[in-house]
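Contents: one structure, followed by commentary.
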Amino acid sequence: MAELVKIDSAESFARAVEKAAEIILSGGLVAVPTETVYGLAACATNPVAVSRIFSVKGRPSNNPIIIHVCSVEMAKEYVAEWPSTAQLLSSFFWPGPLTLVLKKNSRVPDIVTAGGLTVAVRMPNQAFTLALISKCGIPLAAPSANLSGYLSPTTAGHVIEQLGDKIDLVVDAGPTQVGIESTVLDLTVDPPQILRPGILHAAILEGVIGKIARGPTGNIDIPLRSPGLLPRHYSPRTPLHVVEFCPEDSNNILYRYSEEARKFGFTLSECYVIAHKNLPPRNAVKGLSVMPADPVSYAHLLYSELYKADASCARLILVEAPPREVAWEGIIDRLIRAQHTISKAHIAGNIGPKIHSAEN
(Lines of atoms letter the chains of each structure in order from A and count residues from 1; the text may use other names and numbers.)
(Lines give C-alpha, C1' and ligand atoms only; values in the text may rest on other atoms or scores of the structure.)
Protein backbone atom coordinates (compact mmCIF):
# COMPACT_ATOMS: atom_id res chain seq x y z
CA MET A 1 0.00 0.00 0.00
CA ALA A 2 1.22 3.49 -0.87
CA GLU A 3 2.50 5.65 1.95
CA LEU A 4 0.21 8.62 2.63
CA VAL A 5 1.83 11.94 3.56
CA LYS A 6 -0.43 14.79 4.66
CA ILE A 7 0.68 18.40 4.25
CA ASP A 8 -0.54 20.42 7.23
CA SER A 9 2.49 22.55 8.17
CA ALA A 10 5.62 24.10 6.72
CA GLU A 11 7.63 21.21 8.15
CA SER A 12 5.42 18.52 6.61
CA PHE A 13 5.50 20.42 3.31
CA ALA A 14 9.30 20.39 3.23
CA ARG A 15 9.51 16.72 4.26
CA ALA A 16 6.98 15.74 1.60
CA VAL A 17 8.93 17.56 -1.12
CA GLU A 18 12.14 15.76 -0.12
CA LYS A 19 10.48 12.34 0.04
CA ALA A 20 8.53 12.73 -3.19
CA ALA A 21 11.59 13.99 -5.09
CA GLU A 22 13.64 11.02 -3.90
CA ILE A 23 10.98 8.61 -5.17
CA ILE A 24 10.52 10.43 -8.49
CA LEU A 25 14.25 10.59 -9.21
CA SER A 26 14.59 6.87 -8.46
CA GLY A 27 11.90 5.99 -11.02
CA GLY A 28 8.91 5.74 -8.67
CA LEU A 29 5.34 7.01 -8.90
CA VAL A 30 3.86 9.68 -6.63
CA ALA A 31 0.28 10.96 -6.55
CA VAL A 32 0.49 14.74 -6.28
CA PRO A 33 -2.07 17.50 -5.81
CA THR A 34 -2.71 20.11 -8.47
CA GLU A 35 -5.37 22.79 -8.60
CA THR A 36 -7.39 20.74 -11.12
CA VAL A 37 -7.26 17.06 -10.05
CA TYR A 38 -4.68 14.82 -8.39
CA GLY A 39 -1.98 13.66 -10.80
CA LEU A 40 0.12 10.49 -10.98
CA ALA A 41 3.65 11.81 -11.37
CA ALA A 42 6.83 10.27 -12.75
CA CYS A 43 10.05 11.70 -14.12
CA ALA A 44 9.09 12.84 -17.63
CA THR A 45 12.53 12.05 -19.04
CA ASN A 46 12.56 8.46 -17.72
CA PRO A 47 10.75 6.20 -20.24
CA VAL A 48 10.69 3.25 -17.83
CA ALA A 49 9.04 5.32 -15.10
CA VAL A 50 6.51 6.73 -17.57
CA SER A 51 5.73 3.20 -18.78
CA ARG A 52 4.73 2.39 -15.18
CA ILE A 53 2.10 5.14 -15.38
CA PHE A 54 0.53 3.44 -18.39
CA SER A 55 0.67 0.05 -16.69
CA VAL A 56 -0.72 1.16 -13.32
CA LYS A 57 -3.58 3.15 -14.84
CA GLY A 58 -4.37 0.68 -17.64
CA ARG A 59 -3.92 3.67 -19.94
CA PRO A 60 -4.08 3.14 -23.73
CA SER A 61 -0.64 3.57 -25.30
CA ASN A 62 -1.98 6.09 -27.85
CA ASN A 63 -3.07 8.51 -25.11
CA PRO A 64 -0.30 11.11 -24.46
CA ILE A 65 0.61 12.50 -21.06
CA ILE A 66 0.90 16.16 -20.07
CA ILE A 67 4.29 17.23 -18.73
CA HIS A 68 4.22 19.64 -15.80
CA VAL A 69 6.84 22.37 -15.42
CA CYS A 70 7.64 24.94 -12.75
CA SER A 71 8.56 27.82 -15.08
CA VAL A 72 8.34 29.07 -18.64
CA GLU A 73 12.10 28.58 -18.87
CA MET A 74 11.72 24.87 -18.11
CA ALA A 75 8.93 24.55 -20.67
CA LYS A 76 11.15 26.06 -23.37
CA GLU A 77 13.78 23.36 -22.74
CA TYR A 78 11.40 20.62 -23.94
CA VAL A 79 9.78 22.17 -27.01
CA ALA A 80 11.13 22.77 -30.51
CA GLU A 81 9.79 26.32 -30.61
CA TRP A 82 8.06 28.75 -28.26
CA PRO A 83 5.68 30.91 -30.32
CA SER A 84 4.52 34.35 -29.30
CA THR A 85 1.06 32.96 -28.53
CA ALA A 86 2.63 30.61 -25.96
CA GLN A 87 4.45 33.53 -24.36
CA LEU A 88 1.27 35.59 -24.20
CA LEU A 89 -0.93 32.79 -22.85
CA SER A 90 1.62 31.69 -20.26
CA SER A 91 1.96 35.28 -19.03
CA PHE A 92 -1.82 35.45 -18.49
CA PHE A 93 -2.68 31.93 -17.32
CA TRP A 94 0.41 30.22 -15.85
CA PRO A 95 0.53 28.89 -13.30
CA GLY A 96 -3.00 27.68 -13.91
CA PRO A 97 -5.39 25.23 -15.58
CA LEU A 98 -4.19 25.72 -19.17
CA THR A 99 -2.19 23.12 -21.11
CA LEU A 100 -0.41 24.15 -24.31
CA VAL A 101 0.30 21.68 -27.12
CA LEU A 102 3.58 22.52 -28.87
CA LYS A 103 6.11 20.84 -31.13
CA LYS A 104 8.34 18.66 -28.96
CA ASN A 105 12.11 18.36 -29.07
CA SER A 106 14.33 15.30 -28.61
CA ARG A 107 14.44 15.65 -24.81
CA VAL A 108 10.86 14.38 -24.56
CA PRO A 109 10.64 10.56 -24.77
CA ASP A 110 8.25 9.18 -27.38
CA ILE A 111 6.28 7.29 -24.74
CA VAL A 112 5.20 10.61 -23.19
CA THR A 113 3.72 11.85 -26.48
CA ALA A 114 2.38 8.44 -27.58
CA GLY A 115 4.77 8.62 -30.52
CA GLY A 116 3.47 11.98 -31.68
CA LEU A 117 5.47 15.04 -32.69
CA THR A 118 3.82 17.38 -30.18
CA VAL A 119 3.94 17.62 -26.41
CA ALA A 120 1.33 18.96 -23.97
CA VAL A 121 2.85 21.28 -21.33
CA ARG A 122 1.35 22.87 -18.22
CA MET A 123 2.52 24.84 -15.21
CA PRO A 124 0.19 23.88 -12.33
CA ASN A 125 -0.96 26.39 -9.75
CA GLN A 126 -0.19 24.31 -6.67
CA ALA A 127 2.62 25.20 -4.28
CA PHE A 128 3.67 21.66 -3.36
CA THR A 129 3.82 20.35 -6.92
CA LEU A 130 5.71 23.42 -8.16
CA ALA A 131 8.22 22.94 -5.34
CA LEU A 132 8.54 19.25 -6.21
CA ILE A 133 9.21 19.96 -9.89
CA SER A 134 11.80 22.56 -8.94
CA LYS A 135 13.46 20.14 -6.52
CA CYS A 136 13.60 17.40 -9.16
CA GLY A 137 14.90 19.81 -11.80
CA ILE A 138 12.92 18.07 -14.55
CA PRO A 139 9.28 18.08 -15.69
CA LEU A 140 6.84 15.58 -14.24
CA ALA A 141 4.74 13.43 -16.54
CA ALA A 142 1.43 13.41 -14.69
CA PRO A 143 -1.98 12.31 -15.95
CA SER A 144 -4.85 12.06 -13.46
CA ALA A 145 -4.18 9.62 -10.62
CA ASN A 146 -7.00 7.22 -11.42
CA LEU A 147 -7.74 4.04 -13.32
CA SER A 148 -8.05 4.89 -17.01
CA GLY A 149 -11.58 5.89 -17.97
CA TYR A 150 -12.83 6.30 -14.40
CA LEU A 151 -13.54 9.49 -12.47
CA SER A 152 -10.56 11.75 -11.86
CA PRO A 153 -9.60 12.14 -8.18
CA THR A 154 -10.10 15.43 -6.38
CA THR A 155 -8.99 14.14 -2.96
CA ALA A 156 -6.19 11.90 -1.76
CA GLY A 157 -8.85 9.45 -0.63
CA HIS A 158 -10.04 9.05 -4.21
CA VAL A 159 -6.46 8.19 -5.22
CA ILE A 160 -6.04 5.61 -2.44
CA GLU A 161 -9.34 3.99 -3.41
CA GLN A 162 -8.20 3.41 -7.00
CA LEU A 163 -4.40 3.17 -6.94
CA GLY A 164 -3.39 2.74 -3.31
CA ASP A 165 -1.82 -0.68 -3.80
CA LYS A 166 -0.09 0.20 -7.09
CA ILE A 167 2.02 3.31 -6.40
CA ASP A 168 4.72 4.46 -3.99
CA LEU A 169 3.42 7.63 -2.33
CA VAL A 170 0.29 9.78 -2.08
CA VAL A 171 0.68 13.41 -1.03
CA ASP A 172 -2.49 14.78 0.59
CA ALA A 173 -2.94 18.54 0.29
CA GLY A 174 -6.73 18.47 0.68
CA PRO A 175 -9.42 18.79 -2.02
CA THR A 176 -8.46 20.36 -5.32
CA GLN A 177 -9.69 23.86 -6.12
CA VAL A 178 -10.80 23.71 -9.78
CA GLY A 179 -12.20 20.19 -9.80
CA ILE A 180 -11.96 19.28 -13.49
CA GLU A 181 -8.98 18.82 -15.77
CA SER A 182 -7.17 21.67 -17.52
CA THR A 183 -8.17 23.24 -20.81
CA VAL A 184 -5.90 21.93 -23.59
CA LEU A 185 -5.08 24.34 -26.43
CA ASP A 186 -3.15 23.24 -29.54
CA LEU A 187 -0.77 25.98 -30.69
CA THR A 188 0.64 23.96 -33.61
CA VAL A 189 -2.37 24.83 -35.80
CA ASP A 190 -3.76 28.14 -37.02
CA PRO A 191 -6.02 29.26 -35.50
CA PRO A 192 -5.19 27.57 -32.20
CA GLN A 193 -7.63 24.79 -31.38
CA ILE A 194 -9.21 23.69 -28.11
CA LEU A 195 -8.67 19.94 -27.81
CA ARG A 196 -10.16 19.61 -24.33
CA PRO A 197 -12.39 22.30 -22.81
CA GLY A 198 -12.05 23.31 -19.19
CA ILE A 199 -12.77 26.19 -16.83
CA LEU A 200 -10.67 28.50 -19.03
CA HIS A 201 -13.21 28.47 -21.84
CA ALA A 202 -13.05 29.71 -25.42
CA ALA A 203 -14.35 33.22 -24.72
CA ILE A 204 -11.66 33.82 -22.08
CA LEU A 205 -8.87 32.59 -24.35
CA GLU A 206 -10.12 34.56 -27.35
CA GLY A 207 -10.00 37.68 -25.22
CA VAL A 208 -6.22 37.24 -25.06
CA ILE A 209 -5.13 35.80 -28.44
CA GLY A 210 -8.09 36.30 -30.76
CA LYS A 211 -9.86 33.62 -32.77
CA ILE A 212 -9.56 30.00 -31.70
CA ALA A 213 -11.15 26.87 -33.15
CA ARG A 214 -13.32 24.39 -31.29
CA GLY A 215 -12.28 20.82 -31.72
CA PRO A 216 -11.15 18.29 -32.38
CA THR A 217 -13.23 17.69 -35.48
CA GLY A 218 -13.48 14.68 -37.79
CA ASN A 219 -11.63 11.48 -37.01
CA ILE A 220 -9.64 11.26 -33.80
CA ASP A 221 -5.93 11.46 -34.56
CA ILE A 222 -3.74 8.43 -33.89
CA PRO A 223 -1.65 9.14 -31.89
CA LEU A 224 -3.85 11.53 -29.96
CA ARG A 225 -2.63 15.12 -29.62
CA SER A 226 -4.07 15.49 -26.15
CA PRO A 227 -5.42 13.48 -23.25
CA GLY A 228 -9.18 13.61 -22.70
CA LEU A 229 -10.18 12.78 -26.29
CA LEU A 230 -11.30 9.18 -25.85
CA PRO A 231 -15.09 8.74 -26.22
CA ARG A 232 -15.46 7.03 -22.84
CA HIS A 233 -13.72 8.99 -20.13
CA TYR A 234 -14.31 10.49 -16.68
CA SER A 235 -16.98 7.84 -16.04
CA PRO A 236 -18.46 6.54 -12.79
CA ARG A 237 -19.02 2.80 -12.53
CA THR A 238 -22.76 3.40 -12.23
CA PRO A 239 -24.47 4.15 -15.57
CA LEU A 240 -25.05 7.87 -16.04
CA HIS A 241 -27.66 9.68 -18.11
CA VAL A 242 -28.06 13.41 -18.74
CA VAL A 243 -31.62 14.74 -18.53
CA GLU A 244 -32.70 17.70 -20.66
CA PHE A 245 -35.47 19.96 -19.37
CA CYS A 246 -37.75 22.18 -21.45
CA PRO A 247 -39.45 25.24 -19.94
CA GLU A 248 -42.77 23.39 -19.94
CA ASP A 249 -41.25 20.66 -17.78
CA SER A 250 -40.99 22.98 -14.77
CA ASN A 251 -44.37 21.82 -13.43
CA ASN A 252 -43.61 18.16 -14.07
CA ILE A 253 -40.13 17.69 -12.60
CA LEU A 254 -40.90 14.44 -10.79
CA TYR A 255 -42.61 12.99 -13.86
CA ARG A 256 -39.71 14.00 -16.13
CA TYR A 257 -37.08 12.26 -14.00
CA SER A 258 -39.32 9.21 -13.58
CA GLU A 259 -39.76 8.90 -17.34
CA GLU A 260 -36.01 9.08 -17.92
CA ALA A 261 -35.41 6.37 -15.31
CA ARG A 262 -38.09 4.19 -16.89
CA LYS A 263 -36.29 4.32 -20.26
CA PHE A 264 -33.52 2.26 -18.69
CA GLY A 265 -35.79 -0.08 -16.76
CA PHE A 266 -35.47 1.59 -13.35
CA THR A 267 -37.76 3.34 -10.92
CA LEU A 268 -36.80 6.82 -9.76
CA SER A 269 -36.27 5.49 -6.23
CA GLU A 270 -33.34 3.47 -7.63
CA CYS A 271 -31.69 6.61 -9.07
CA TYR A 272 -29.25 9.17 -7.72
CA VAL A 273 -30.01 12.65 -9.08
CA ILE A 274 -27.50 15.48 -9.54
CA ALA A 275 -29.31 18.74 -10.29
CA HIS A 276 -28.83 22.48 -10.07
CA LYS A 277 -32.30 23.86 -10.85
CA ASN A 278 -34.97 21.19 -11.37
CA LEU A 279 -34.88 19.29 -8.08
CA PRO A 280 -36.94 16.17 -7.41
CA PRO A 281 -38.21 15.53 -3.85
CA ARG A 282 -35.46 13.91 -1.77
CA ASN A 283 -37.79 11.14 -0.63
CA ALA A 284 -38.46 10.14 -4.25
CA VAL A 285 -34.84 9.28 -5.13
CA LYS A 286 -31.99 7.12 -3.86
CA GLY A 287 -29.91 10.23 -3.30
CA LEU A 288 -29.76 13.88 -4.36
CA SER A 289 -26.87 16.30 -4.90
CA VAL A 290 -27.91 19.94 -5.22
CA MET A 291 -25.31 21.66 -7.37
CA PRO A 292 -24.37 25.36 -7.62
CA ALA A 293 -25.82 27.34 -10.52
CA ASP A 294 -22.49 28.86 -11.60
CA PRO A 295 -19.97 26.84 -13.65
CA VAL A 296 -16.88 27.46 -11.51
CA SER A 297 -18.52 26.22 -8.30
CA TYR A 298 -20.24 23.39 -10.18
CA ALA A 299 -16.94 22.16 -11.64
CA HIS A 300 -15.32 22.24 -8.21
CA LEU A 301 -17.94 19.78 -6.90
CA LEU A 302 -18.66 17.66 -9.99
CA TYR A 303 -16.33 14.71 -9.45
CA SER A 304 -16.81 14.61 -5.68
CA GLU A 305 -20.58 14.40 -6.17
CA LEU A 306 -20.18 11.72 -8.85
CA TYR A 307 -18.04 9.71 -6.41
CA LYS A 308 -20.80 10.10 -3.83
CA ALA A 309 -23.41 8.97 -6.34
CA ASP A 310 -21.26 6.00 -7.33
CA ALA A 311 -21.00 4.91 -3.69
CA SER A 312 -24.76 5.18 -3.06
CA CYS A 313 -25.66 1.78 -4.58
CA ALA A 314 -28.01 3.55 -7.00
CA ARG A 315 -28.78 1.70 -10.24
CA LEU A 316 -28.59 4.86 -12.39
CA ILE A 317 -27.24 8.39 -12.02
CA LEU A 318 -29.43 11.09 -13.56
CA VAL A 319 -27.75 14.47 -14.11
CA GLU A 320 -29.74 17.56 -15.01
CA ALA A 321 -28.18 19.00 -18.18
CA PRO A 322 -26.20 22.19 -17.50
CA PRO A 323 -26.88 25.40 -19.44
CA ARG A 324 -25.80 25.37 -23.09
CA GLU A 325 -23.36 28.22 -22.69
CA VAL A 326 -19.66 28.58 -23.43
CA ALA A 327 -18.73 28.91 -19.75
CA TRP A 328 -20.15 25.43 -19.15
CA GLU A 329 -18.42 23.68 -22.06
CA GLY A 330 -15.82 21.91 -19.88
CA ILE A 331 -18.55 20.47 -17.65
CA ILE A 332 -20.64 19.48 -20.65
CA ASP A 333 -17.65 17.69 -22.18
CA ARG A 334 -17.12 15.64 -18.99
CA LEU A 335 -20.79 14.67 -18.81
CA ILE A 336 -20.90 13.66 -22.48
CA ARG A 337 -17.95 11.31 -21.96
CA ALA A 338 -19.31 9.97 -18.67
CA GLN A 339 -22.67 9.27 -20.32
CA HIS A 340 -21.15 7.51 -23.34
CA THR A 341 -21.27 4.02 -21.88
CA ILE A 342 -25.05 3.74 -21.91
CA SER A 343 -26.40 6.26 -24.35
CA LYS A 344 -24.13 6.96 -27.31
CA ALA A 345 -27.04 7.56 -29.70
CA HIS A 346 -28.75 9.89 -27.24
CA ILE A 347 -25.60 11.98 -26.83
CA ALA A 348 -25.59 12.94 -30.51
CA GLY A 349 -28.93 14.69 -30.10
CA ASN A 350 -28.54 15.80 -26.53
CA ILE A 351 -26.22 18.38 -25.02
CA GLY A 352 -23.04 18.01 -27.04
CA PRO A 353 -23.55 19.83 -30.35
CA LYS A 354 -25.65 22.71 -29.02
CA ILE A 355 -23.18 24.73 -26.95
CA HIS A 356 -23.46 28.43 -27.71
CA SER A 357 -22.00 31.63 -26.42
CA ALA A 358 -23.79 33.25 -23.52
CA GLU A 359 -23.91 36.40 -25.61
CA ASN A 360 -25.92 34.75 -28.42
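Positions in the sequence shown are counted from 1; adding 81 to them yields the working numbering.
For glycine and all other residues, C-beta sits at the position ideal for the given N, C-alpha and C.
C-beta atoms of residue i and residue j nearer than 7 Å
i	j	result
A380	I261	yes
V98	L213	yes
A112	A123	no
V323	L416	yes
E410	H282	yes
P220	V118	no
L232	P141	no
L268	L183	yes
R405	Y315	no
A294	P278	no
N144	L305	yes
K185	V200	yes
V265	L276	yes
A342	L335	no
M82	D246	yes
V137	A284	no
Identity of the residues DSSP links to residue i by a beta bridge
i	result
K185	V160
Y353	G368 and I398
H322	L399
K87	D253
Y231	S316
D246	DSSP output for D246 lists no bridge partner at all.
A237	Note: A237 sits in no beta bridge, so no partner.
L121	A112
I275	L266 and R295
V202	I148 and L181
A222	A123 and I148
Given residue i as reference, the closest of the options once Cα atoms are compared
i	options	result
M155	V137, L232, F173 and T126	T126
T166	F345, V86, S339 and V270	V270
T180	H149, R318, I285 and L169	H149
V202	E401, N364 and A222	A222
S90	A254, K247 and R318	A254
E116	W175, V259 and T210	V259
I248	L121, L399, R96 and P403	L121
G109	P145, S339, L383 and E84	E84
G346	A395, I334 and N364	A395
S393	G296, E351, P145 and I334	E351
R177	I290, V153, K344 and N333	A small fix is needed here, since residue 177 is Gly in this sequence, not Arg. Looking at the Cα atoms, V153 is the closest of the given residues.
L360	N332, L211 and W175	N332
V354	P320, D330 and P328	P320
E103	P376, G218 and E158	G218
A356	K138, R343, R337 and T348	R337
A101	I398, L211, A284 and I334	L211
S385	S107, E92, A237 and G139	A237
V377	I290, S263 and P328	S263
V366	P114, L397 and I241	L397
L383	K292, T257 and L286	T257
V252	R133, G230, E158 and P114	P114
A195	S132, E158 and S171	S132
F173	G139, L244 and E287	E287
Q420	S339, I192, G230 and A161	G230
G139	L244, I280 and W163	L244
L198	V160, P164 and K292	V160
S339	I192, L399 and E92	L399
Distance cut-off 6 Å: residue i Cβ against heavy atoms of the ligand HEM
i	result
E242	In the structure on display, the ligand HEM does not appear, and there are no ligands present to speak of.
Same chain, Cβ closer than 6 Å to residue i, neighbours up to 5 away in sequence not counted
i	result
P190	P128
M204	V150, W175 and P176
S187	none
Q274	D267, A294 and G296
I147	T180, A201 and R203
S171	V153
Residues of its chain near residue i, where Cβ-Cβ distance is below 8 Å and the 5 sequence neighbours each way are ignored
i	result
K358	F326, A374 and E401
G299	Because G299 sits at a pLDDT of 44, beneath the cut-off of 50, its placement in the model cannot be relied upon, and the point is left open.
R363	L369
R96	V86
P403	H357, P376, Y379, W409, I412, I413, L416 and I432
K157	W163
7 Å Cβ cutoff, residue i in contact with chain D
i	result
G230	Annotation note: the requested chain D is absent from the structure, which comprises a single protein chain.
Own chain residues within Cβ distance below 7 Å of residue i, not counting five before or after
i	result
F94	I88 and F209
F135	S142
L106	C124 and C217
I192	P128, V131 and S132
On the three-pair Cβ rule with 8 Å, is the stretch 225-232 touching the stretch 356-371? No contact exists between the stretch 225-232 and the stretch 356-371.
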